[in-house]
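Worksheet for the structure shown next.
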Amino acid sequence: MLSLMIHWFLQGITLISLVRVLVEAELYSVTRTKYGPVRGVTVDEGQEKLSTYWGIPFAKPPTGNLRLKSPQPPDSWFATRDSIHPQSDCFQIIGFDIPMNISEDCLYLNIFTPSSEANSTLLPVMVWIYGGGFTQGSSVPYDGAALVRNGVVFVTINYRLDAFGFLSTEDEVIPGNFGLLDQIFALKWVKENIANFGGDPDQVTIFGESAGACSVSILTLSPLAKGLFKRAIMESGSALSPWCMTYPKSILQPRKAASLIGAKVGCYFSDHSSQFLDCVQKVSAQALLNASIDVQTDQFTGRLLKVHQPRVETSFGVLPDFPQTLLTSGHYDHFEAIRGFNRNENGALKVDFTSGATRQEFRNFMVGKLSLFNIDQSTRDNLIATYEALYLTNISDPIKILQKSSEASSDISFALPALLETDLAARAMPTTKQFVYEFNYRQSISTLPLWATAEHTNELPFVFRAFKFPFWSRTAQATANDLSVSDQVIALWTNFAKTGNPTSTTPTGATSWSPYTVTQPDLLQIDIESKTIMGNRSMSLSTYLNLVNEISSQVDQVVVG
């Protein structure tokens, strides 16, 4: 819930960086793109000048007969286009009644770059892909100024969400993965145009958090993204995370979901999906979104069933096989990568954490993890018994049971997927450096129990030095330790983008970050004083891989749409 709240809050704010741009603006800056000139704003930040370009279109509006279709190049323009205000976010559910500018016309990107007059050489580029469970998200709140001050060009991109980005009839008519195609299309735009903004098109690092990290993970495996970036950073998300994509044993399959959504808006399947597509393209965006939310919402629990996600498909070929198969084969571009997770991704699991938890509650937590999949009762019981033995042997204290429940929950959803992906990549390409981190710093504003340090999204303020709402408290100021950890993380991330070595220079509080290897599975535990630790968890990687293979196994037959 905390993750969804943060992603909702990210939508409706007046962006602080935009206010800074408008107040401190010195001059407009005009840059040419392949499609026409754009005008951004250059601001003086003391010793440096920063140019910001908002809302540059990288594709045509995916509306009308382009809804549920591959992105297409934008129309060219001749007059200089103003890029001084953010454009619309993609159509999505809006939480907590926060005002938000949403539209299907949303395929825009934003660029933060040092003033061109200050740099004669092209700089490494970092492209951010937002999270939000593939149902929510926005490129607007992520201010790249702190990263740019460390010598990179920063880009944020929008991509289609929910049914607009991932609805699928599991055939060649509506294969799905449109949101991923948007990301790839944006990266192609960056490849073709970023040099005009001072960025090196051959030194692109893609990075993201949660669903954004899942997207990054998939893009590293996708043949369609070949040659579009050089490095990747994945924060709290992996293609091997059970929540990341649709599996054959997912509780609600895409074609069934599409049929149910269609019925709610008067569009029905015939012998072929073409008539269904033609009908759905004529439905209002709000009606389609409402139907999608209704179908996804579990009538008993009220939670979303995770229907609109990436999927294996061969029509577009974004993800032509299951991630574990591709990773094991090594048949993909070999990228240097950072993967990581936060110490307690799911927090304390309970609002009332003072009483701890029982063994039955541990089992209930695990049932919740598995309830999104059609796993037979016997297999499910065996999995839960295995997890209970791994995490709770000789443990009876309720507080320790709750701690181990939090650990197990975080492991299954985030830590083990990142470690397994890294391990498979390290085996397939032993000469390409892979790094793993655990973010273990406890924010000064944390309300978690003392035994829990960092939950989902807690690293974001430190990546962007964003110590203001919605990333931070409305009232509390960042402490010296908060600022120090942020300096450390920004240096690690930008060093990696520049050189492939996150500790090519060692920031204050950090230590030399050794690559993960099969024989030395080290990770960097990021804290006020970071240190190297072993990447071992209570559950082995092979045990977790068994779970991934279980939910990947076919129920009836292979879907090839």
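For the sequence shown, the positions run -25 to -1, 1 to 536 when mature numbering (1 follows the signal peptide of the UniProt record, and there is no 0) is used.
Positions of the beta carbon are idealized from the N, C-alpha and C atoms, including for glycine.
Since the model is a prediction, treat every value here as computed from it, not as a measurement.
Here F410 is buried: its Cβ has 16 or more other Cβ atoms, across all protein chains shown, within 10 Å. Counting only residues of its own chain and dropping the five nearest sequence neighbours on each side, D57 has a CB closer than 7 Å to the CB of R14. For A207, the enclosing beta strand (DSSP E) starts and ends at R206 to E210. In this chain, the beta strand (DSSP E) harbouring A312 covers E311 to N317. When DSSP states are grouped into helix, strand and coil, S26 belongs to the strand group. Annotation: T88 is outside any alpha helix (DSSP H); the continuous beta strand (DSSP E) that includes it extends over Y83 to P89. Boundaries of the alpha helix (DSSP H) harbouring V460: A455 to T474, taken from the DSSP string. Residue state for M220 is assigned as coil, using DSSP reduced to three classes. The way I'd put it, the segment 458 to 478 doesn't touch the segment 151 to 158; fewer than three beta-carbon pairs between them come closer than 8 Å. For Q335 against N415, the beta-carbon gap comes to about 29 Å, at or over 8 Å, which does not count as contact. Here the segment 252 to 259 makes no contact with the segment 280 to 292; the two share fewer than three CB pairs at distances below 8 Å. In this structure, the CA atom of D146 is about 41 Å from the CA atom of G173.
Excluding the 5 residues flanking it on each side, S380 has same chain C-beta neighbours closer than 6 Å at L324, A332, F337 and F340, in chain order. Cβ-Cβ distances below 7 Å link L520 to Q299 and L395 in the same chain, with the five nearest sequence neighbours on each side left out; the list follows chain order.
Across the set W218, Y491 and L84, the C-alpha of Y491 shows the shortest separation from the C-alpha of L399. Setting aside the 5 residues that flank it on each side, K506 is surrounded in the same chain by T486, L499 and Q500, each with a C-beta closer than 8 Å to its C-beta; the list follows chain order. Straight across, the Cα-Cα distance linking N511 with T494 is about 12 Å. Put simply, the backbone Cα of W164 is about 14 Å away from that of P12. Below 8 Å, enough C-beta pairs join the segment 428 to 435 and the segment 179 to 187 to call them touching: three or more.
For L97, the closest alpha carbon among the candidates V128, M514 and P405 is that of V128. Following the DSSP letters along the chain, one finds D19 inside the beta strand (DSSP E) bounded by residues P12 to D19. Non-local beta-carbon contacts of Q378 in its own chain, meaning distances under 7 Å to residues more than five positions away in sequence, involve W426 in chain order.
With contacts defined as CB atoms closer than 8 Å, R440 and I465 qualify as a contacting pair.
Closest by C-alpha distance to F471, out of I69, H247 and V100, is V100. Going by C-alpha positions, Y362 is about 14 Å away from S353. By the Cβ criterion, the segment 309 to 319 is in contact with the segment 204 to 213, since at least three pairs of Cβ atoms, one from each stretch, lie closer than 8 Å. Within the model, the alpha-carbon separation for L84 versus T131 is close to 6 Å. Here D177 carries a strand assignment [DSSP, helix/strand/coil].
D457 and F444 have their C-alpha atoms roughly 15 Å apart. The beta-bridge partner set that DSSP reports for Y3 consists of V16.
Under the three-state reduction of DSSP output, F182 falls in the strand class. Counted as a single uninterrupted DSSP element, the stretch harbouring L142 is not any alpha helix (DSSP H), since DSSP gives it neither H nor E. Less than 8 Å divides the Cβ of I350 from the Cβ of K224. Distances from the alpha-carbon of L196 to those of S304, P392, D462 and N125 put S304 closest.
The DSSP assignment places complete beta strand (DSSP E) segments of no fewer than 3 residues inside the segment 406 to 437 at 409 to 414, in order along the chain.
Under the DSSP definition of a beta bridge, P373 lacks any partner.
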